[in-house]
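Protein chains in written order, with my numbering: chain A, 1387 to 1590; chain B, 1387 to 1590.
A short worksheet on the structure shown next.
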């Protein structure tokens, strides 16, 4: 895309492409929630999106290609990391965000479906791994700032701290299939902060 | 089954039933790993198990019924909880067991498949929840003994401590799709012990 294409008021090349992508990913999300990865059919996604089949086949190629792009879009759209001034505040914001997302009536089923897709298909697994890698990169600076403030030891593995906030929430959501309460988010953040302060996440 | 049926050397009533169950669950496990929950077909399971279709339909009823019974069998067969004399030793044994199971070439794919099945089907979700409830009941006494020894505060939620050991390992395995190393098991146990000692798992 050329710089000139962003002149205000002009029709951006890419504007149509972006609209097609939005429609296709919305249809993908709906189909995944409705019928799961095995029910994800490119012809039906194209029809629901109001987009030509050829476009969908050419641009996304396969059901796994659709899921991978949906996850890329979810990573791009997701909420920026908090900066509350303390590790405790930041990780609590993170835990609450994870809990709100997973219990959201629209997003919860999407996460169920992409986790299931990742269990069935290696390309989806790799895309899901990429989604969480992006989220970890987004939130890692909270831990780095805390190390700078002396809240946690130097050499604390920021990624591991962020993972440890998510883990108990995802465990209940996707593995043991238990309810996910506000208290679980509060506990997840508290345990991560306490373990980080104690140096249990420092790199070996 | 009557007590007399267990006379050594006698043919146990139930012996045939137990053999049929073993064969059917083994075929279920293989089919799940091979083709996932959506590829689980009662006729093919019956054929692979060398058991009549009618038996499989009458006794298990559906693909979800097969998965639920497989999970019951996995819970029954699983390794008893450790009793090493310290919470640290017991939770480390637990973390290592979880890691070994999930990275086992035979069992890892079974866990992937049942987690995916649970994401697609409510009966499977309820069976998976039951599997982890059984495992938590099996391991909770480690925490209760630790409370008795004064290692952790009275009122510590034993189930929550056991969940917290599993959570980071399952998060990598089923959600973020990252490698699962021995160091992850060691860290999971250390974080759970530290948080339990600090009273972060006491009931409100």
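C-beta: ideal position from N, C-alpha, C; glycine also.
Just to confirm before moving on: does the CB-CB distance between residue i and residue j stay below 7 Å?
{"i": "residue 1490 of chain A", "j": "residue 1411 of chain A", "result": "no"}
{"i": "residue 1544 of chain A", "j": "residue 1519 of chain A", "result": "no"}
{"i": "residue 1477 of chain B", "j": "residue 1578 of chain B", "result": "yes"}
{"i": "residue 1551 of chain B", "j": "residue 1468 of chain B", "result": "no"}
{"i": "residue 1421 of chain A", "j": "residue 1434 of chain A", "result": "no"}
{"i": "residue 1472 of chain A", "j": "residue 1580 of chain B", "result": "no"}
{"i": "residue 1504 of chain B", "j": "residue 1445 of chain A", "result": "no"}
{"i": "residue 1426 of chain A", "j": "residue 1485 of chain A", "result": "no"}
{"i": "residue 1495 of chain B", "j": "residue 1419 of chain B", "result": "yes"}
{"i": "residue 1443 of chain B", "j": "residue 1553 of chain A", "result": "no"}
{"i": "residue 1589 of chain A", "j": "residue 1541 of chain A", "result": "yes"}
{"i": "residue 1431 of chain B", "j": "residue 1409 of chain B", "result": "no"}
{"i": "residue 1576 of chain B", "j": "residue 1547 of chain B", "result": "no"}
Would residue i count as contacting chain B if we go by Cβ distances under 7 Å?
{"i": "residue 1553 of chain A", "result": "yes"}
{"i": "residue 1581 of chain A", "result": "yes"}
{"i": "residue 1464 of chain A", "result": "no"}
{"i": "residue 1562 of chain A", "result": "yes"}
{"i": "residue 1528 of chain A", "result": "no"}
{"i": "residue 1422 of chain A", "result": "yes"}
{"i": "residue 1548 of chain A", "result": "no"}
{"i": "residue 1456 of chain A", "result": "no"}
{"i": "residue 1502 of chain A", "result": "yes"}
{"i": "residue 1448 of chain A", "result": "no"}
{"i": "residue 1355 of chain A", "result": "Because chain A in this structure spans residues 1387 to 1590, residue 1355 of chain A falls outside the shown range and cannot be described."}
{"i": "residue 1566 of chain A", "result": "no"}
State the CB to CB distance for the pair residue i and residue j, rounded to an integer number of angstroms; the pair is presumed to be in contact (CB under 8 Å).
{"i": "residue 1457 of chain B", "j": "residue 1517 of chain B", "result": "4 Å"}
{"i": "residue 1488 of chain A", "j": "residue 1555 of chain A", "result": "6 Å"}
{"i": "residue 1529 of chain A", "j": "residue 1453 of chain A", "result": "No, residue 1529 of chain A and residue 1453 of chain A are not in contact; Cβ-Cβ is about 30 Å, not under 8 Å."}
{"i": "residue 1506 of chain A", "j": "residue 1502 of chain B", "result": "6 Å"}
{"i": "residue 1531 of chain A", "j": "residue 1586 of chain B", "result": "Wrong, their Cβ atoms sit about 23 Å apart, outside the cutoff."}
{"i": "residue 1461 of chain B", "j": "residue 1521 of chain B", "result": "7 Å"}
{"i": "residue 1406 of chain B", "j": "residue 1441 of chain B", "result": "6 Å"}
{"i": "residue 1466 of chain A", "j": "residue 1524 of chain A", "result": "7 Å"}
Taking CB distances under 7 Å as the criterion, tell me whether residue i reaches chain A.
{"i": "residue 1576 of chain B", "result": "yes"}
{"i": "residue 1510 of chain B", "result": "no"}
{"i": "residue 1571 of chain B", "result": "no"}
{"i": "residue 1452 of chain B", "result": "no"}
{"i": "residue 1404 of chain B", "result": "no"}
{"i": "residue 1556 of chain B", "result": "yes"}
{"i": "residue 1505 of chain B", "result": "yes"}
{"i": "residue 1518 of chain B", "result": "yes"}
Quick check on DSSP: helix, strand or coil for residue i?
{"i": "residue 1470 of chain B", "result": "coil"}
{"i": "residue 1389 of chain A", "result": "Interpretation of residue 1389 of chain A is limited by its pLDDT of 38, a score under 50 that renders its predicted location unreliable; the figure taken from the coordinates is listed afterwards. It is helical."}
Q) At a Cβ cut of 8 Å, what residues of the stretch 1464-1489 of chain A count as close to chain B, listed as they run along the chain? A) Taken residue by residue, none of the stretch 1464-1489 of chain A has a beta-carbon sitting less than 8 Å from a beta-carbon on chain B.
Q) What residues in the stretch 1407-1434 of chain B have a beta carbon less than 9 Å from any beta carbon of chain A? A) Close to chain A, meaning a Cβ-Cβ distance shorter than 9 Å, are the following residues of the stretch 1407-1434 of chain B: 1422, 1423, 1424 and 1425.
Q) Quick one, which residues of the stretch 1533-1545 of chain B are near chain A if we go by CB-CB under 7 Å, in chain order? A) Cβ proximity to chain A below 7 Å picks out nothing from the stretch 1533-1545 of chain B.
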